[in-house]
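Asker: So the sequence shown is numbered by our numbering: it starts at 226 and just counts up by one.
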Amino acid sequence: MNAPTPSAAERAVSAISPNSVLSTCQAGFESLLGRELEGAGLPAAESAPGWCLSLQPGGQALPRPEIAFAHAFYFSPSEIRGESVNAIAQALLDFFFAGLGSERIEGPWPCLWQTPAEPVGLGRRATAVEKAFAELLRRRMSRVARLASASHPGSFEPVRGLFVRFADFGRVFASTGALFNGQRRMADDPLAPSRSYLKVEEAYGLVGCEPVSGELVVDLGAAPGGWSFSAARRGARVLAVDNGPLKGGALGNPLIEHILADAFGFRPPGDQAVDWLFCDLVEEPHHTLRNLITPWLAERRCRNFIVNLKFGRTDPLALLQQLRSPASPFVIHGKEVRIRHLFHNREEFTIAGKCAPP
226 MNAPTPSAAE RAVSAISPNS VLSTCQAGFE SLLGRELEGA GLPAAESAPG
276 WCLSLQPGGQ ALPRPEIAFA HAFYFSPSEI RGESVNAIAQ ALLDFFFAGL
326 GSERIEGPWP CLWQTPAEPV GLGRRATAVE KAFAELLRRR MSRVARLASA
376 SHPGSFEPVR GLFVRFADFG RVFASTGALF NGQRRMADDP LAPSRSYLKV
426 EEAYGLVGCE PVSGELVVDL GAAPGGWSFS AARRGARVLA VDNGPLKGGA
476 LGNPLIEHIL ADAFGFRPPG DQAVDWLFCD LVEEPHHTLR NLITPWLAER
526 RCRNFIVNLK FGRTDPLALL QQLRSPASPF VIHGKEVRIR HLFHNREEFT
576 IAGKCAPP
């Protein structure tokens with residue numbers, strides 16, 4: 226008996242390798258992601274704005290240390306090619322059901338689509354494919370379609386679902402298994418004094434908690450007040466330390482006390498331990514690390530911390546190595562520490578975690 230002839234949609238799906246990993250990042254930082262992956266044993270065989278594809282063994286057993294520049298890992302992705310919206314959508318549907326096998330979907334499942342900003346028009350193409358896929362899924366299995374969720378998983382563990390990354394108009398990567406690193410696009414607030422507000426909002430997900438009413442926050446290098454405003458809108462009391470002025474929702478906020486002082490010399494009143502240390506200084510990172518962060522953590526002056534370190538004038542990978550080394554204050558004095566290049570970051574790392582007990 227002759228084997229059945231594969232459909233056009235089936236021919237459009239090409240498995241890459243069972244041990245391949247597609248790592249995504251902020252566009253423009255794929256070369257740094259590639260260097261970090263190579264150092265972790267996952268050298269990139271191909272890269273383009275916003276992603277790197279590694280073909281070496283790795284799968285879901287990702288190497289440690291964690292990859293700071295990676296926003297997500299798509300495990301064992303397949304490459305889908307198609308000339309039309311409907312052809313890609315049908316191929317994605319076939320891929321999805323083939324990947325599920327006998328697995329039953331009983332609750333909400335992630336269905337996430339990523340599209341780079343360039344080339345122009347690719348976003349519209351991706352939206353059209355997503356709509357066509359949703360309609361095909363609804364026709365074939367309406368219950369599964371209703372349970373699809375566009376929300377990013379909150380855990381740092383591998384998840385199952387459908388994860389799609391557009392590489393070009395006719396080229397798409399798809400996977401049914403992924404791990405997300407905590408980066409998310411955040412909603413702005415018209416009262417926020419600056420764009421940096423988005424960074425701390427995103428960073429709360431790395432710590433797994435956020436300031437609450439009654440807690441005390443020290444914000445070093447606070448001006449114009451984006452991070453202070455973020456804590457105050459949750460009811461926390463904030464000591465905003467900066468010689469510069471506060472603006473927007475931070476200016477005159479009854480929960481924010483503006484202290485005109487240098488961040489490096491400031492200590493909490495009575496040297497008490499505060500609930501949160503915020504630090505986002507435009508300073509050389511080693512200077513900040515040595516003369517500010519190390520004393521605060523070594524003396525247990527805070528319970529939680531969110532720190533930004535700028536790497537614009539230093540080698541980011543060398544800085545990462547230092548932050549993860551046994552001599553790092555985050556390793557010696559911290560716990561549950563995560564280092565990330567966030568969605569809203571520029572040339573900087575965000576380090577978030579908790580202060581370890583003595």
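Backbone N, C-alpha and C define an ideal beta-carbon position, used for all residues, glycine too.
Note that the coordinates shown come from a computational prediction; the quantities given were computed from them, not determined experimentally.
Give every residue of the same chain whose Cβ lies closer than 6 angstroms to the Cβ of Leu404, excluding the five residues on either side of it in the sequence, and list them in chain order.
Answerer: Phe298, Pro383
Asker: Please tell me whether Leu585 and Val389 are closer than 8 angstroms, where the distance is taken between their beta carbons.
Answerer: Because the chain spans 226 through 583 in this model, residue 585 falls outside it and cannot be assessed.
Asker: Which residues in the same chain have their Cβ closer than 8 angstroms to the Cβ of Gly587, if we skip the five residues on either side of it in sequence?
Answerer: For residue 587 there is no data in the structure shown, the boundaries of the chain being 226 and 583.
Asker: Are the CB atoms of Ile305 and Gln320 within a distance shorter than 8 angstroms?
Answerer: Rather than Gln, the amino acid found at residue 320 in this sequence is Phe. It is a contact, given that the beta carbons lie within the stated cut-off.
Asker: Roughly how far, in whole angstroms, is the beta-carbon of Cys527 from the beta-carbon of Leu517, given that I think they are within contact range, below 8 angstroms?
Answerer: 12 angstroms between Cβ atoms; not a contact.
Asker: Leaving out five residues before and five after Leu262 in sequence, what residues of the same chain have Cβ atoms less than 7 angstroms from its Cβ?
Answerer: Ser248, Pro268, Ala269, Cys277, Ser279, Ile292
Asker: Hey, would you say Pro341 sits closer than 8 angstroms to Ala252, going by beta carbons?
Answerer: Yes, they are a contact pair.
Asker: Since Ala417 and Gly473 should fall inside the 8 angstroms C-beta cutoff, what is the C-beta to C-beta distance between them, to a whole number of angstroms?
Answerer: 6 angstroms
Asker: Use the C-beta contact count for Thr352: other C-beta atoms within 10 angstroms, 16 or more gives buried, fewer gives exposed.
Answerer: exposed
Asker: Distance check for Phe568 and Ala370, CA to CA, integer angstroms please.
Answerer: 28 angstroms
Asker: When we look at the beta-carbon of Ser592 and count the other beta-carbons within 10 Å, is it buried (16 or more) or exposed?
Answerer: The displayed coordinates of the chain run from 226 to 583. Any statement about residue 592 would go beyond what the structure contains.
Asker: If we cut at 8 angstroms on Cβ distances, does Pro333 have a partner in chain C?
Answerer: Structure shown: chain C not included; a single protein chain is present.
Asker: Quick one: residues in its chain with C-beta nearer than 6 angstroms to the C-beta of Gln408, no 5 flanking neighbours on either side, listed in chain order?
Answerer: His296, Leu567, Phe568
Asker: Helix or strand or just coil, what does DSSP make of Leu569?
Answerer: Just to set this straight, residue 569 is His in the shown sequence, not Leu. If DSSP states are grouped into helix, strand and coil, His569 belongs with coil.
Asker: Could you give the DSSP three-state label for Pro335: helix, strand or coil?
Answerer: Reduced to three states, the DSSP call for Pro335 is strand.
Asker: Within this structure, are the beta carbons of Asp444 and Leu476 separated by less than 8 angstroms?
Answerer: no
Asker: Please work out which residues of its chain come closer than 8 angstroms, Cβ to Cβ, to Leu542, disregarding the five sequence neighbours upstream and downstream, and give them in chain order.
Answerer: Leu257, Arg260, Glu261, Gly264
Asker: Taking the Cβ atom as the reference point for each residue, do Pro493 and Pro470 lie within a distance shorter than 8 angstroms?
Answerer: no
Asker: Bridge partners for Trp501 per DSSP, in chain order?
Answerer: Val442, Asn529
Asker: Measure the CB-CB distance between Arg565 and Asn406 and report whether it falls below 8 angstroms.
Answerer: yes
Asker: Report the option in Gly346, Gly402, Ala457 whose CA atom is closest to the CA atom of His483.
Answerer: Ala457
Asker: I'd like the list of long-range same chain contacts for Ser374, defined as Cβ closer than 7 angstroms, with 5 residues on each side in sequence excluded.
Answerer: Pro333, Trp334, Pro335, Cys336
Asker: Got a sec, what are the start and stop residues for the alpha helix (DSSP H) Tyr393 sits in?
Answerer: With the sequence shown as reference, residue 393 is identified as Asp, and Tyr is not the correct amino acid for it. Per DSSP, Asp393 belongs to no alpha helix (DSSP H); it is in the beta strand (DSSP E), 384-393.
Asker: Taking DSSP's pairing of strands, which residues face Phe321 in a bridge?
Answerer: The partner list for Phe321 (beta bridge, DSSP) is empty, contrary to what the question assumes.
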